[in-house]
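Shown next, in structure tokens, is the structure this report addresses.
There are 2 protein chains.
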Amino acid sequence: MASNGTNASSRRAELLAIAAELFAARGFRATTVRDIADAAGILSGSLYHHFDSKESMVDEILSTFQAGLFEEYDAVLTSADDARNKLERLVRISFDAIHRNRPAVAIFQNDAAVLAEDDRFDYLRTNNERFRTMWMGVIDEGIRTGALRDDLDPVLTYRFIRDTVWVAVAWYRPGGQFSAAEVADQYLAILLEGLGPR
Amino acid sequence: MASNGTNASSRRAELLAIAAELFAARGFRATTVRDIADAAGILSGSLYHHFDSKESMVDEILSTFQAGLFEEYDAVLTSADDARNKLERLVRISFDAIHRNRPAVAIFQNDAAVLAEDDRFDYLRTNNERFRTMWMGVIDEGIRTGALRDDLDPVLTYRFIRDTVWVAVAWYRPGGQFSAAEVADQYLAILLEGLGPR
DNA sequence: GCACCAACCAAACAGTTGCTTGGTAGAGTA
DNA sequence: TACTCTACCAAGCAACTGTTTGGTTGGTGC
């Protein structure tokens, strides 16, 4: 057996990054272990020296990413900021996550729903609920304290923000025309003030 | 040969609808012809009496949907409305399209990028450019005429609107808590006036 | 010189994939 | 009765899938 949970050789990390790029570009199911091996310059069987299965690769990619994200979210939610500032910080953290973990975010967006049907990926459902609770807490607080308008449905507002932010992974490219911070600025401007003239 | 381009038996349409639901739920690549046949209560080989290939199924689903959508968009753009009204109508048409063609929209969102690499799906790239031109025309006109604020990047604004609207297919369900019109109302409210208190 | 080890190769496996072929049941028609 | 057509079955094909197995390579420590 190759992967023991604490193993983290540089080659292993390299292979995982290659797999993540391919999963993100073509989808988990459509990416074969031979695709990954080809991109890495080895034979498909050699991947199994580093990983138990193709599933364990995507598992590690997604769970590592989510653990990091929740750590950052937690830091915001336990802070003394008001709802408006928390919301802004959550949005900025999210765009930064897209910048730093683009493949992982893309895989989550495209394949998580199907993967979550498997018991192995139970944590995807759990984390989804936790994620939702975090955002809804800030939104509800914002409405209660008057930081956000109170004539909209909170659930639809949550979905609007969530989708708007994370779907940007479909076109955002590090080193592209706009930095993650610039995108976050403009998106927050539209989100909070709207597109109409002031 | 089975499909002659004008063939449109009810059984054929039925099979196409079944395929569309499966493609939307699991992805084009991950859906097998046996999955489709099982769902239809026939054997996989029998599908080839109605369709040339699995690809021709998704081709017909996507091209039919896009043709209908462009027809509706055209009606708006050639009208005498001002930019603000055109924008509202485009958004409402789009949500209605999600309502009426949910599987097709989902397939487009999830699989179009990969399919477009194939020459057969050249029209996906062409239509994408046409789509972009249509929306950008309205956005630019809105900024020029003062209907939209002028301190934002038009390209990012376009992406914001586009993504915000179409990604709703991931969670919208006909007959669910909110109708397509209700979602459109709330999304337009956020889009145009923002989440902040007035 | 020897043992050890991570990384990889070469070859194969059983199952799945999209698709083809030749045939058949049943309804409509003349 | 004979013909035609739509819709389907039954069986199989070659290619591809994730994974396993036993063996090889080149480097490191002693």
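The listed protein sequences correspond, in order, to chains W and P. Per this note's numbering, numbering through the first sequence is continuous, rising by one, with the last residue being 643. Per this note's numbering, numbering through the second sequence is continuous, rising by one, with the last residue being 643. All C-beta atoms in this analysis are idealised placements derived from N, C-alpha and C, irrespective of residue type, glycine included.
Per the Cβ contact rule, the stretch 566-576 of chain P is not in contact with the stretch 589-606 of chain P (fewer than 3 Cβ pairs under 8 Å).
With respect to V536(P), F510(P) sits apart: the two C-beta atoms are not nearer than 9 Å. Under the Cβ criterion of 9 Å, F605(W) is counted among the residues facing chain P. Contacts with chain W at 9 Å (Cβ-Cβ) include P642(P). Using a Cβ-Cβ distance cut-off of 8 Å, the stretch 527-545 of chain P and the stretch 610-626 of chain P are in contact, since at least three pairs of beta carbons, one from each stretch, lie closer than that value. Neighbours of D480(P) in chain W, taken as residues at a C-beta separation under 9 Å, are lacking, since the least C-beta distance is about 12 Å. Taking CB atoms only, W580(W) has no neighbour in chain P less than 9 Å away.
In this structure, the straight-line span from the alpha carbon of G472(W) to that of A465(P) is close to 18 Å.
Sequence-distant partners of A462(P) (beyond 5 residues in either direction) whose C-beta falls short of 8 Å from its own C-beta, in its chain, are P548. In the DSSP annotation of this structure, the continuous segment of the alpha helix (DSSP H) that includes Q631(P) starts and ends at 625-638. Among the CB atoms of chain W, none fall inside 9 Å of the CB of L488(P). Taking a beta-carbon distance threshold of 9 Å, F496(W) does not count as an interface residue toward chain P.
Residues of the stretch 493-527 of chain P with a C-beta atom less than 8 Å from some C-beta of chain W do not occur.
Of the residues assessed, R474(W) falls on the buried side of the cut-off, its CB having 16 or more other CB atoms within 10 angstroms. For W616(P) and H494(P), the gap between their C-alpha atoms comes out near 34 Å. Secondary structure at P619(W): coil, using DSSP grouped into helix, strand and coil. Here DSSP, grouped into helix, strand and coil, assigns S489(P) to helix.
With contacts defined by Cβ atoms closer than 9 Å, I481(P) and I552(P) do not form a contacting pair. Counting only the Cα atoms, T476(P) lies some 6 Å from F468(P). Within the stretch 551-580 of chain W, the residues whose Cβ lies closer than 7 Å to some Cβ of chain P are N555, V559, listed in chain order. When rounded, the separation of the alpha-carbon atoms in A561(W) and D527(P) is 45 Å. A Cβ of chain P is located within less than 9 Å of the beta carbon of L637(W). In terms of CA proximity to L532(P), E586(P) leads the group E586(P), D497(P), S491(P). Neighbourhood of A634(W) in chain P, by CB distance below 9 Å: R594, D596, L597, G639, in chain order. The C-beta of A470(W) comes closer than 9 Å to at least one C-beta of chain P.
Nothing from the stretch 530-543 of chain W brings a Cβ to less than 7 Å from some Cβ of chain P. A Cβ of chain P is located within less than 9 Å of the beta carbon of V612(W).
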